[in-house]
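K.L.:
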Amino acid sequence: MTATFGALAWLALVVLCGAVVPVVPTGAAVSGAAALAAHQDPVTVLLVVLAGAVGAYVGDLAVYLVLSRGGEGIARRLRWLRGPSRLDRVSARVRQGRVSLFLVSRLVPGGRLPVLLAAAVTGLTWRRFAVANLPACLLWSALYAAIGVLGGAVFTEPWQGVVAAILLVVLLSQGLGWLGRRRPVPAGPPATP
1 MTATFGALAW
11 LALVVLCGAV
21 VPVVPTGAAV
31 SGAAALAAHQ
41 DPVTVLLVVL
51 AGAVGAYVGD
61 LAVYLVLSRG
71 GEGIARRLRW
81 LRGPSRLDRV
91 SARVRQGRVS
101 LFLVSRLVPG
111 GRLPVLLAAA
121 VTGLTWRRFA
131 VANLPACLLW
141 SALYAAIGVL
151 GGAVFTEPWQ
161 GVVAAILLVV
171 LLSQGLGWLG
181 RRRPVPAGPP
191 ATP
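Position 89 of the sequence shown, counting from 1, maps to 89 under full-length UniProt numbering, and the rest follow consecutively.
(1) So what's Pro109 in DSSP terms, helix, strand or just coil?
(2) To the nearest angstrom, how far is the alpha carbon of Phe129 from that of Val104?
(3) Assuming Ala19 and Ala51 make a contact with CB atoms under 8 Å, what is their CB distance in whole Å?
(4) Rounded to whole angstroms, what is the Cα-Cα separation between Val49 and Ser141?
(5) Nearest to Gly55 by CA position, among Pro22, Ser68, His39 and Thr122, is which residue?
(6) Tell me the DSSP secondary structure of Ala187 in three-state form.
(7) Can you tell me the Cα-Cα spacing of Trp33 and Gly70, whole angstroms?
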């Protein structure tokens with residue numbers, strides 16, 4: 001049982017690091033851990049969901065803190081936020097503080113940091129962000145754990161389920177990224193002199 005809690009702590013740490021440094025495949029880590037847990041003890045899958053959610057949540061809080069301190073300077077340097085209409089559109093969505101926005105931003109490759117930056121720049125309060133992001137992190141972790149459990153249920157060997165879960169997550173994230181790039185970006189209102 002101690003090994004299980006140690007593995008869960010490592011999972012939370014990996015997801016936290018992935019939230020801060022977005023090159024770590026956090027969804028694949030949660031899916032792989034859930035696939036492995038489903039073969040050992042199905043109740044452990046719930047602990048995997050919690051560990052993934054805690055790591056994502058703490059990592060997001062850290063990133064939000066950094067972005068709220070220097071976000072405007074960063075936003076001025078980013079090409080996609082230079083147009084005032086684009087920042088206004090993102091800001092309006094962020095100010096509502098909807099869980100769905102934070103959840104979708106976690107699911108779309110490269111979507112989380114722009115939403116966190118927009119939230120920081122628009123002045124979304126720390127408390128409102130913390131409240132809206134908590135269920136988003138929990139739902140994100142549950143979704144990726146479900147992918148891992150489904151991948152693990154198909155195969156008899158735990159390692160096969162882990163590999164299948166990781167491949168499924170990679171394919172899903174790449175597919176979502178491809179769809180996002182194909183979707184046309186609506187033009188903002190014409191600039192007034």
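For glycine and all other residues, C-beta sits at the position ideal for the given N, C-alpha and C. As the structure is a computational prediction, the values presented were derived from the model and not from experiment.
P.N.:
Concretely, from the data shown:
(1) If DSSP states are grouped into helix, strand and coil, Pro109 belongs with coil.
(2) 15 Å
(3) Not quite, the Cβ-Cβ distance comes to about 13 Å (not below 8 Å), so this is no contact.
(4) 5 Å
(5) Sorting Pro22, Ser68, His39 and Thr122 by C-alpha distance to the C-alpha of Gly55 places Pro22 at the top.
(6) Its pLDDT being 46, under 50, Ala187 is placed unreliably in this model, and the value from its coordinates should be taken loosely. Ala187 falls in the coil class under three-state DSSP.
(7) One point to set straight first is that residue 33 is Ala, not Trp, in the sequence displayed. Roughly 35 Å separates the two Cα atoms.
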